[in-house]
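S.K.:
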Amino acid sequence: MKKIIFILLLLNSSFVLADQKDSRLNSLFDELFLSNDNMQASTILADIWDIWSIAENVEAQKIFDEGNKMMDRGSLEEAIALFTRVIDLKPDFAEGWNKRATVLFLKGDLEASISDIQKTLELEPRHFGALDGLAEIYLIQDDLLGAAATYKRILEIIPTSKKSQDRLKLINELIV
Numbered sequence: 462m463k464k465i466i467f468i469l470l471l472l473n474s475s476f477v478l479a480d481q482k483d484s485r486l487n488s489l490f491d492e493l494f495l496s497n498d499n500m501q502a503s504t505i506l507a508d509i510w511d512i513w514s515i516a517e518n519v520e521a522q523k524i525f526d527e528g529n530k531m532m533d534r535g536s537l538e539e540a541i542a543l544f545t546r547v548i549d550l551k552p553d554f555a556e557g558w559n560k561r562a563t564v565l566f567l568k569g570d571l572e573a574s575i576s577d578i579q580k581t582l583e584l585e586p587r588h589f590g591a592l593d594g595l596a597e598i599y600l601i602q603d604d605l606l607g608a609a610a611t612y613k614r615i616l617e618i619i620p621t622s623k624k625s626q627d628r629l630k631l632i633n634e635l636i637v
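When we follow my numbering, the leftmost residue of the sequence shown carries the number 462, and every step to the right adds one.
1. Just mark residue 580 as buried or exposed, buried being the case when its beta carbon has 16 or more other beta carbons within 10 Å.
2. Which parts of the stretch 534–565 are runs of the alpha helix (DSSP H), unbroken and 4 residues or longer, counting only runs that do not cross its ends?
3. Are the stretch 490–509 and the stretch 618–631 touching by the rule of at least three beta carbon pairs closer than 8 Å?
4. Between the Cα of residue 525 and the Cα atoms of 535, 505, 512, 540, which residue gives the shortest distance?
5. Shortest alpha-carbon distance to residue 532 belongs to which of 623, 602, 606, 563?
6. Which residues mark the beginning and the end of the alpha helix (DSSP H) in which residue 626 is found?
7. Could you tell me the distance, in whole angstroms, from the CA atom of residue 542 to the CA atom of residue 553?
8. Is the CB-CB distance between residue 573 and residue 547 below 8 Å?
9. Where residue 557 and residue 635 are concerned, what is the direct C-alpha to C-alpha distance, given to the nearest angstrom?
10. Can you tell me the Cα-Cα spacing of residue 477 and residue 486, whole angstroms?
11. Mind reading off the beta-carbon distance from residue 489 to residue 508? Whole number of angstroms is fine, and I expect it under 8 Å.
12. Please list, in chain order, all residues of the same chain as residue 625 whose beta carbon is under 6 Å from its beta carbon, the five residues on each side excluded.
13. Ignoring anything shorter than 3 residues or poking outside the stretch 491–531, list the beta strand (DSSP E) runs there in chain order.
14. If we call anything under 8 Å between Cβ atoms a contact, is residue 578 one with residue 595?
15. Can you list, in chain order, the residues of its chain whose CB lies under 7 Å from that of residue 587, leaving out five sequence neighbours each side?
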């Protein structure tokens, strides 16, 4: 009986598996794409963020959580150091790269932020948060075409994204 329970736990180990490789993400992204309801889309987005925020490594998770606390407190240098440690421990953890990209953006280091965003997107091409950050940087740099292309990519993932729709409309009006 114990062997059967153990085998069932191994087969149903998705509760342990996390980050951008989590098997639940494909169905969540399918639901997100098909959703016409903003409330439902918000719930799905929160579920995706929750999965992305699990490092699959106890030490990396503790450091990641501490990095989030430092970022929330505005201790940007400490947050960068912590997210760098997370990346060193788990270089395939997309959200570690994304969080460091966010802090670098907050510090005004746009080129370093872009570099980390590119790594995030290499690991998780559907990372709408990283794409949104990239679009913001393009707007700051007056790269309207880059921003428009990036907002279009977000809308391919989240068709109901009002922010992306509005920004894309505004950019198209400015370009014409």
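Heads up, the beta-carbon is just placed ideally off N, CA and C, and yes, glycines get one too.
M.R.: This is what the structure gives:
1. The count along the sequence shown starts at 1 and reaches residue 580 at position 119. In summary, residue 580 is buried, with 16 or more beta-carbon neighbours lying within 10 Å of its beta-carbon over all protein chains present.
2. Counting only runs of 4 or more, we get 537–550.
3. Cβ pair count under 8 Å is three or more, so yes.
4. As a first step, residue 525 is located in the sequence shown; it is residue number 64 there, counting from the start. Checking every option, the nearest Cα to that of residue 525 belongs to 540.
5. Along the sequence shown, read from residue 1 onward, the residue named residue 532 stands at position 71. Answer by Cα proximity: 563.
6. As a working note, residue 626 is residue 165 in the sequence shown. Its alpha helix (DSSP H) spans residues 623–636.
7. The residue labelled residue 542 in the question sits at position 81 within the sequence shown. The residue labelled residue 553 in the question sits at position 92 within the sequence shown. Taking the straight line from one Cα to the other gives about 17 Å.
8. Locating residue 573 in the sequence shown gives position 112, counting from the first residue. Locating residue 547 in the sequence shown gives position 86, counting from the first residue. For residue 573 and residue 547, no; Cβs fall outside 8 Å.
9. For the purposes of this step, residue 557 is identified with residue 96 of the sequence shown, where counting begins at 1. For the purposes of this step, residue 635 is identified with residue 174 of the sequence shown, where counting begins at 1. When rounded, the distance between both Cα atoms is 35 Å.
10. Along the sequence shown, read from residue 1 onward, the residue named residue 477 stands at position 16. Along the sequence shown, read from residue 1 onward, the residue named residue 486 stands at position 25. At residue 477 the pLDDT is 39, less than 50, meaning the model places this residue with poor confidence; the figure from the coordinates comes in the next sentence. So the two alpha carbons sit approximately 14 Å from each other.
11. As a working mapping, residue 489 is identified with position 28 in the sequence shown. As a working mapping, residue 508 is identified with position 47 in the sequence shown. Confirmed, Cβ separation roughly 6 Å.
12. Position 164 of the sequence shown, counted from the first residue, corresponds to residue 625. The residues are 612, 615, 616.
13. Qualifying beta strand (DSSP E) stretches: none in this window.
14. Here residue 578 is taken as the residue at index 117 of the sequence shown, counted from 1. Here residue 595 is taken as the residue at index 134 of the sequence shown, counted from 1. For residue 578 and residue 595, yes; Cβs fall inside 8 Å.
15. On the sequence shown, residue 587 is found 126 positions in, with the first residue counted as 1. Around residue 587: 490, 618.
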